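**Q** Here you go, one structure.
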Amino acid sequence: MAALGVPFVWSPPITFLAVFMTVYAVIIALAKDLPDVAGDVRYGVATFASRLGVARACKVVVGLMGANYVMAVAVALLAPAGAIRRGVCGVAHALLGGVLAWRYRQLDPTDADSVKRFYNRDVWGLFYAEYALFPFV
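Be aware that the sequence shown starts at 1, since it is given in full-length UniProt numbering, and climbs by one per residue.
Below you can see the structure in the form of structure tokens.
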């Protein structure tokens, strides 16, 4: 922007995405070791998941993800008219939060394959869904 002589301005959709994805970055940082907790424990690597245990770490990760979706729906409900596409933002994030809840109910934290599937498919799938949704917010 500076090279073009145009001032940078935070638009409401960009601000929303920046906040949502910053929280999601924390979620991924906490969840990244879930698929290999057994190896971390075996070799004495102290990670969030190995210290807390898989079941509790998954609850924290899903709790943060759920809170992020609740925040997104709240933004959609409370944003001034015209700032974002409130209907799209609210409905889409409510649906994505529903997908999270549905997938979490399928998660068996005692089964390594289930945990790997949850991390690889669901945590990352919902992350990419946010970027696919962004142009419509």
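The beta carbon of each residue, even a glycine, is placed where N, CA and C say it ideally should be. Note that the coordinates shown come from a computational prediction; the quantities given were computed from them, not determined experimentally.
Here's the rule: buried if 16 or more other CB atoms are within 10 angstroms of the residue's CB, otherwise exposed. What is A74?
**A** With fewer than 16 Cβ atoms within 10 Å of its Cβ, A74 is classed as exposed.
**Q** On a Cα-Cα basis, can you pick out the residue from C89, G44, K59, P7 that is closest to Y104?
**A** When each option's Cα is compared against that of Y104, the closest is K59.
**Q** With V115 and V54 assumed to form a contact (beta carbons below 8 angstroms), what rounded beta-carbon distance in angstroms separates them?
**A** Correct: roughly 6 angstroms between the Cβ atoms.
**Q** Less than 7 angstroms separating the beta-carbons of I27 and M65?
**A** Result yes, Cβ atoms of I27 and M65 sit closer than 7 angstroms.
**Q** If distances are taken between C-alpha atoms only, which option among T15, A38, V6 comes closest to D113?
**A** The shortest C-alpha separation from D113 is found at A38.
**Q** What three-state label does DSSP hand A81 in the structure shown?
**A** A81 falls in the strand class under three-state DSSP.
**Q** CB-CB under 8 angstroms to L17, same chain, minus the five flanking residues each way: which ones, in chain order?
**A** Excluding positions up to five away in sequence, the list reads E130, F134, V137.
**Q** Does the distance from the C-beta atom of V99 to that of A31 stay below 7 angstroms?
**A** Not in contact: V99 and A31 (Cβ atoms no closer than 7 angstroms).
**Q** Under a CB-based cut-off of 7 angstroms, is R86 close to chain D?
**A** The question asks about chain D, but that chain is absent: this structure has only one protein chain.
**Q** Could you tell me whether the Cβ atoms of A101 and G90 are closer together than 7 angstroms?
**A** Not in contact: A101 and G90 (Cβ atoms no closer than 7 angstroms).
**Q** Quick one: what's got a C-beta closer than 6 angstroms to P13's C-beta in the same chain, skipping five residues either side?
**A** So the list reads I84, V137, once near-sequence residues are dropped.
**Q** Just how far apart, CA to CA, sit V62 and F118?
**A** Whole-angstrom Cα-Cα distance: 10 angstroms.
**Q** Taking the alpha-carbon of residue 138 as reference, which of A92, A94, L95, R121 has the nearest alpha-carbon?
**A** The first residue shown for the chain is 1 and the last is 137, placing residue 138 beyond what the model contains.
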